[in-house]
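Everything below concerns the one structure shown next.
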Amino acid sequence: MSSNGLNQRLIRWSIEEIRHGTLWPISLALVLIIASIFSLAALADRMEQVMVKQGKAALMADTVYVSANPIPQALVSAVRQQERLQSAQMTRFATMAFSDEAMQLITVKAVDSAFPLLGSLQLQGAQGAQFEVNPGELWLDERIVSQLGVETGQSITLGDADLVVTGVIAAEPGLSFNPFQQMPAAYIHVSDLAATNAIQPGSRVQYRYYLLGDDNALAEAKALVELTPSDEWRDQDAASRSSEIFERTNQYLSLSVAIVILMAATTLVLTCHNYVLSRQQTIAMLKSIGASRRWIARWLLIQLGLLFVIASVVGVVIGMGLEVALRIPIKGLLPDPLPSYGVTPLILSLTSAILIAIPALGIPLSRLLSISAANAMQASATVSVSRRRYLLILVPFVPLIVAYYNNLMVWIVLGAIAALFVVLALVGTLSGRALRHLPLGTHFILAVSRINRSGLGTALQLGALSLSLMLLAIIWLVRTDLLADWQRTLPVDAPNVFSVNIADYELERYLQTLDEQGLARSPAFPLIRGRLSEINGRSINEISLSDDGRHDIDRELNLTWRDILPSYNVELEGQWGKPHSVSVEQSIAEDLGVTLGDELTFVISGQAYSANVISIRQVEWREMKPNFYFIFSPDVLAALPSSYFVSFRAEDTQQDVLNQLARQHPTVSMLDTRVMGAKIQSLVEQLVASITILAILGVVAGVLLIFTLLRLSLSQRQQELRLYRALGASRKRIRATIWAEFGILAVIAAFLAILAAEIAVGGIMVFGFDLTASLHPMLWIALPLIALTTLMLVVASVIKQLLVPINNSFG
Numbered sequence: 002m003s004s005n006g007l008n009q010r011l012i013r014w015s016i017e018e019i020r021h022g023t024l025w026p027i028s029l030a031l032v033l034i035i036a037s038i039f040s041l042a043a044l045a046d047r048m049e050q051v052m053v054k055q056g057k058a059a060l061m062a063d064t065v066y067v068s069a070n071p072i073p074q075a076l077v078s079a080v081r082q083q084e085r086l087q088s089a090q091m092t093r094f095a096t097m098a099f100s101d102e103a104m105q106l107i108t109v110k111a112v113d114s115a116f117p118l119l120g121s122l123q124l125q126g127a128q129g130a131q132f133e134v135n136p137g138e139l140w141l142d143e144r145i146v147s148q149l150g151v152e153t154g155q156s157i158t159l160g161d162a163d164l165v166v167t168g169v170i171a172a173e174p175g176l177s178f179n180p181f182q183q184m185p186a187a188y189i190h191v192s193d194l195a196a197t198n199a200i201q202p203g204s205r206v207q208y209r210y211y212l213l214g215d216d217n218a219l220a221e222a223k224a225l226v227e228l229t230p231s232d233e234w235r236d237q238d239a240a241s242r243s244s245e246i247f248e249r250t251n252q253y254l255s256l257s258v259a260i261v262i263l264m265a266a267t268t269l270v271l272t273c274h275n276y277v278l279s280r281q282q283t284i285a286m287l288k289s290i291g292a293s294r295r296w297i298a299r300w301l302l303i304q305l306g307l308l309f310v311i312a313s314v315v316g317v318v319i320g321m322g323l324e325v326a327l328r329i330p331i332k333g334l335l336p337d338p339l340p341s342y343g344v345t346p347l348i349l350s351l352t353s354a355i356l357i358a359i360p361a362l363g364i365p366l367s368r369l370l371s372i373s374a375a376n377a378m379q380a381s382a383t384v385s386v387s388r389r390r391y392l393l394i395l396v397p398f399v400p401l402i403v404a405y406y407n408n409l410m411v412w413i414v415l416g417a418i419a420a421l422f423v424v425l426a427l428v429g430t431l432s433g434r435a436l437r438h439l440p441l442g443t444h445f446i447l448a449v450s451r452i453n454r455s456g457l458g459t460a461l462q463l464g465a466l467s468l469s470l471m472l473l474a475i476i477w478l479v480r481t482d483l484l485a486d487w488q489r490t491l492p493v494d495a496p497n498v499f500s501v502n503i504a505d506y507e508l509e510r511y512l513q514t515l516d517e518q519g520l521a522r523s524p525a526f527p528l529i530r531g532r533l534s535e536i537n538g539r540s541i542n543e544i545s546l547s548d549d550g551r552h553d554i555d556r557e558l559n560l561t562w563r564d565i566l567p568s569y570n571v572e573l574e575g576q577w578g579k580p581h582s583v584s585v586e587q588s589i590a591e592d593l594g595v596t597l598g599d600e601l602t603f604v605i606s607g608q609a610y611s612a613n614v615i616s617i618r619q620v621e622w623r624e625m626k627p628n629f630y631f632i633f634s635p636d637v638l639a640a641l642p643s644s645y646f647v648s649f650r651a652e653d654t655q656q657d658v659l660n661q662l663a664r665q666h667p668t669v670s671m672l673d674t675r676v677m678g679a680k681i682q683s684l685v686e687q688l689v690a691s692i693t694i695l696a697i698l699g700v701v702a703g704v705l706l707i708f709t710l711l712r713l714s715l716s717q718r719q720q721e722l723r724l725y726r727a728l729g730a731s732r733k734r735i736r737a738t739i740w741a742e743f744g745i746l747a748v749i750a751a752f753l754a755i756l757a758a759e760i761a762v763g764g765i766m767v768f769g770f771d772l773t774a775s776l777h778p779m780l781w782i783a784l785p786l787i788a789l790t791t792l793m794l795v796v797a798s799v800i801k802q803l804l805v806p807i808n809n810s811f812g
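For the sequence shown, position 124 matches number 125 in my numbering, and the numbering has no gaps at all.
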């Protein structure tokens, strides 16, 4: 027979083998691997674009030079000569604005016409909308318009300049939640700054120079400036809360895809092992009639090649659909139009599937090729196989190390799998033996006897089943804990309005108005600004600090004092209440290396003030309540002049109350964060929907693995059950024993998996996400139900086949 004819016959035979149904679980596992990697790789690429876009939009540029001194002319000149860079300027300062009826402390932002480089500045005037500030224009926050009682076309006084109101600010780029840095803003053009004469020696002013361009050009620009303590370069803000959410979403993507691949690969190994067991006699008979090892290898490779082609097509199609489903909930966050994700997800998914399939299929199939012709007559004949085949495990393992070497969560899970498999198998076996001492019915006694009689097999089954359930639980629990954390990003009842610069003489009346209007408010905190100068008598400049610690103290801080610490702060160390003392927030204490008993010295208005650390506090900044790095005892700072700060919650229906407060207290700066809060809440809701779809994918993979484990385990009982039937056991007795045996295995595995999952998820949340671990009571109900439900489906699908004689067939 010609080579082409032989190949055609082998292909037809392979197709029949696939149609027979033995190989479909292998194809399904490959489809799951390809679809998961394809969809998650494409989505991760787009999520990365969202993170970069969001961070730069908040920064309004690729990088920003911020200084208390005017922008160096050398930097400005060099940037103007550099074609690869775009630039914009802002001079920011606080001043009083006066109208004929009122006055108001405001933030003036003097910008050029190129501002902003990224993000959107939306201005609304009599001539319609515009997106940049031109010379001679004055744009006001709507709150300033209300507080000063002015309209478009009327004039107000800023410093020495009388400027005509051009319109209102509809939306600003780069807003933050920091109430200490946000007052109602006014935009003017930098060319009009000199006319205000508002910046004098000693004035609190900040100069910003925004740059947009390629990395090399930005690096060259940065090299032109020698930074002083008053200067800094600000790059993309990776520490913002919303960026943190995106980062954790990407971490969850990595964790989920690793677990899904692991479960699908395990399913692949198990199904291939079962295929090998079912085809041992077929291969032996082929060899007995003269088939060569090479011919059989070609036949098997044709089958696998056809399977891989089918799985690749189906997997990529499903992956594309899954990627669409995953990004539907976050459509509003993604760039528009969406850039193509190219061929990277396709190459990555197919390559990964091949790398995983090489050991998963290669190891058991090499055993099948080593079957001798003697097995046709004696199934138990020895199979001689080289141990070098196990080196195939390195094929996917080495790329795994390269891909996830810096992803702590993935290694926590893999480490837990490696350590827990032995533990779960051992504990499961001991649990089975302990059942012998319980008063059980006949069916359960037979089931327990069967479990204990096959010690190694039972241990492996329990270990594999427990790990499968654990991985399924991990995907869902990490999702649940992340959502709980994200939903605390901005609690439903969080304060959304902040009032700063409340003078001592108007404090009582201001708080009384809030209370009369039924606005839930925080206590009022005195505010004063100061800079940390010494720790235990050593200058802060002489102390080696982390980058975070240095950033925390290289600026003036907001300080306050209290007789009693805020009720929403948790005191971790020490006890508050002594004079001449200070309480320090936990994170800054760690950054600065400060402990109880240390003496801190602050410079306030040119004078030094010292206090001893007697308390370390934990602060939940996301609650949007007044919080501080340092809180002093009243005897340290109370004699200094200060203003007050209070936060409260206002609903949309209470806008008139806010306007009334602004008119009655024109010097109080009020920051309304309701719009920003709604944006963050929307962000959280969209990401919640997206990772829920991802978690469901993980659950499907987990259930498929559990189904495969139970089905294979039951299939291995065929020979034993046939012997029971030959000895006269009734179908009813055998059926009841099967239900009892696998019910016991499922329950033991479920509870072992719960314990393992709680430990693993706790480690992931603490070390991977830097969050607090918690227990999950519902898991103790849900996981056993999942195990038992899957068991019922498996037993119902195969029990009839198990209770009839087995007819071996060739091919």
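Here a beta-carbon is modelled for each residue, glycine too, at the ideal position from N, C-alpha and C.
Source: prediction; values computed, not measured.
At what residues does the alpha helix (DSSP H) containing S313 begin and finish? Counting from 1 along the sequence shown, the entry for residue 313 is found at position 312. Segment R294 to R328, the alpha helix (DSSP H) holding S313.
How do the stretch 316 to 325 and the stretch 282 to 293 stand: do at least 3 beta-carbon pairs fall below 8 Å, yes or no? no
Residue of L369, N70 and L789 minimising C-alpha distance to S231: Reading the sequence shown from its first residue, position 230 is the one you call residue 231. Of L369, N70 and L789, the residue nearest in Cα terms is N70.
N- and C-terminal bounds of the alpha helix (DSSP H) containing F768: Looking up residue 768 in the sequence shown gives position 767. Counting along the chain, F768 falls outside any alpha helix (DSSP H), and DSSP gives it neither H nor E.
Nearest to T108 by CA position, among E102, A115, V191 and M97, is which residue? On the sequence shown, position 107 is the one that residue 108 refers to. Nearest option by C-alpha distance: M97.
DSSP state of H777 mapped onto helix, strand, coil: As a first step, residue 777 is located in the sequence shown; it is residue number 776 there, counting from the start. In this structure, H777 counts as coil in the three-state DSSP scheme.
Nearest by alpha-carbon distance to L473: which of V258, P174, Q87 and L219 is it? Taking the first residue of the sequence shown as position 1, residue 473 is located at position 472. When only C-alpha atoms are compared, the closest one is V258.
Just to confirm, is the Cβ distance from I262 to I355 under 8 Å? Along the sequence shown, one-based indexing puts residue 262 at 261. Along the sequence shown, one-based indexing puts residue 355 at 354. Not closer than 8 Å, so no.
Residue ranges of each alpha helix (DSSP H) run of no fewer than 4 residues wholly in the stretch 584 to 614, ordered along the chain? The qualifying runs are 587 to 593.
Can you give me the C-alpha to C-alpha distance between I303 and Y342, rounded to a whole angstrom? Mapped onto the sequence shown, residue 303 falls at position 302. Mapped onto the sequence shown, residue 342 falls at position 341. Looking at the two C-alpha atoms, the distance is approximately 32 Å.
Determine the direct distance from the alpha carbon of T791 to that of I745, and round the result to whole angstroms. Translated into the one-based positions of the sequence shown, residue 745 becomes position 744. Translated into the one-based positions of the sequence shown, residue 791 becomes position 790. Spanning the two alpha carbons is a distance of roughly 13 Å.
Let me check one thing: in DSSP terms, what residues is G531 bridge-paired to? Locating residue 531 in the sequence shown gives position 530, counting from the first residue. In DSSP, G531 forms a bridge with L558.
I need the straight-line Cα distance from P778 to I765, nearest angstrom please. The residue labelled residue 778 in the question sits at position 777 within the sequence shown. The residue labelled residue 765 in the question sits at position 764 within the sequence shown. Straight-line Cα distance between these residues: approximately 18 Å.
Figure out for me which residue from V151, V614 and W140 has the closest Cα to the Cα of G575. Within the sequence shown, the letter at position 574 stands for residue 575. The residue from V151, V614 and W140 with its alpha-carbon nearest to that of G575 is V614.
Taking the alpha helix (DSSP H) that F398 belongs to, which residues open and close that run? On the sequence shown, residue 398 is found 397 positions in, with the first residue counted as 1. Element bounds for F398: L395 to Y405.
Assuming Q619 contacts L573 under a Cβ cut-off of 8 Å, what Cβ separation, rounded to an integer in Å, is found between them? Along the sequence shown, one-based indexing puts residue 619 at 618. Along the sequence shown, one-based indexing puts residue 573 at 572. Yes, Q619 and L573 are in contact; Cβ-Cβ is about 5 Å, under 8 Å.
Hey, F649 and V501: beta-carbon distance below 8 Å or not? Start at 1 with the first residue of the sequence shown, and residue 649 comes out as number 648. Start at 1 with the first residue of the sequence shown, and residue 501 comes out as number 500. Taking the C-beta atoms as reference points, V501 is found no nearer than 8 Å to F649.
According to DSSP, is F39 part of a helix, a strand, or is it coil? Position 38 of the sequence shown, counting from 1, holds the residue named residue 39. F39: helix per DSSP, three-state reduction.
Run through DSSP, which three-state label would Q105 get? Walking along the sequence shown from the start, residue 105 turns up at place 104. Here Q105 sits in strand by DSSP.
Buried or exposed (CB count within 10 angstroms, at least 16 for buried), Y406: Within the sequence shown, residue 406 is the residue found at index 405, counting from 1. The residue in question, Y406, is exposed, as its Cβ has fewer than 16 Cβ neighbours within 10 Å.
Checking the sheet assignment: what are the DSSP bridge partners for R235? Looking up residue 235 in the sequence shown gives position 234. Its beta-bridge partners are V65.
With 16 as the cutoff for other CB atoms within 10 Å, does F116 come out buried or exposed? By 1-based counting over the sequence shown, the position of residue 116 is 115. Burial call: buried.
To which residues of the same chain is G363 closer than 8 Å at the C-beta, ignoring the five residues directly before and after it? Against the sequence shown, residue 363 aligns to sequence position 362. These residues qualify, in order along the chain: R390 and L393.
Does DSSP classify E84 as helix, strand or coil? Translated into the one-based positions of the sequence shown, residue 84 becomes position 83. E84 falls in the coil class under three-state DSSP.
Say whether the stretch 153 to 172 touches the stretch 113 to 131, bearing in mind that this needs 3 or more beta-carbon pairs closer than 8 Å, one atom from each stretch. yes
Let me confirm a value: G538 is counted as buried when at least 16 other C-beta atoms fall within 10 Å, else exposed. Which label applies? In the sequence shown, residue 538 corresponds to position 537, counting from 1. Flag for G538 reads exposed.
Here's a check: name, in chain order, each residue in its chain whose Cβ is nearer than 6 Å to the Cβ of A162, leaving out the five neighbours to either side. Along the sequence shown, read from residue 1 onward, the residue named residue 162 stands at position 161. Answer for A162: A196 and T197, listed in chain order.
Decide if R235 is buried, meaning its Cβ has at least 16 other Cβ atoms within 10 Å, or exposed. For the purposes of this step, residue 235 is taken as residue 234 along the sequence shown, with counting starting at 1. Flag for R235 reads exposed.
What does DSSP give as the partner residue(s) for L124 in the beta ladder? Taking the sequence shown and counting its residues from 1, one reaches residue 124 at position 123. Q131 and I170.
By a C-beta neighbour count over all protein chains shown, 10 Å radius and 16 as the cutoff for buried, is A89 buried or exposed? Residue numbering aside, residue 89 sits at position 88 when the sequence shown is read from its first letter. The residue in question, A89, is buried, as its Cβ has 16 or more Cβ neighbours within 10 Å.
Provide the residue span of the alpha helix (DSSP H) that contains V669, from first to last. Here residue 669 is taken as the residue at index 668 of the sequence shown, counted from 1. From DSSP, V669 is part of no alpha helix (DSSP H); its letter is neither H nor E.
Under 8 Å, do I605 and G519 count as touching if we go by C-beta distance? Here residue 605 refers to the residue found at position 604 when the sequence shown is read from its first residue. Here residue 519 refers to the residue found at position 518 when the sequence shown is read from its first residue. No; because the gap between Cβ atoms is not below 8 Å, this pair is not in contact.
If you follow the beta strand (DSSP E) that I503 is in, where does it begin and where does it stop? Mapped onto the sequence shown, residue 503 falls at position 502. V498 to I503 is the span of the beta strand (DSSP E), which, as asked, contains I503.
What's the C-alpha gap between L466 and E624? As a first step, residue 466 is located in the sequence shown; it is residue number 465 there, counting from the start. As a first step, residue 624 is located in the sequence shown; it is residue number 623 there, counting from the start. Going by the C-alpha atoms only, they are around 42 Å apart.
Within 10 angstroms of the Cβ of L228, are there 16 or more other Cβ atoms? Answer buried if so, exposed if not. Here residue 228 refers to the residue found at position 227 when the sequence shown is read from its first residue. With fewer than 16 Cβ atoms within 10 Å of its Cβ, L228 is classed as exposed.
Considering A525, what are the terminal residues of the beta strand (DSSP E) in which it resides? Locating residue 525 in the sequence shown gives position 524, counting from the first residue. Per DSSP, A525 belongs to no beta strand (DSSP E) and is neither H nor E.
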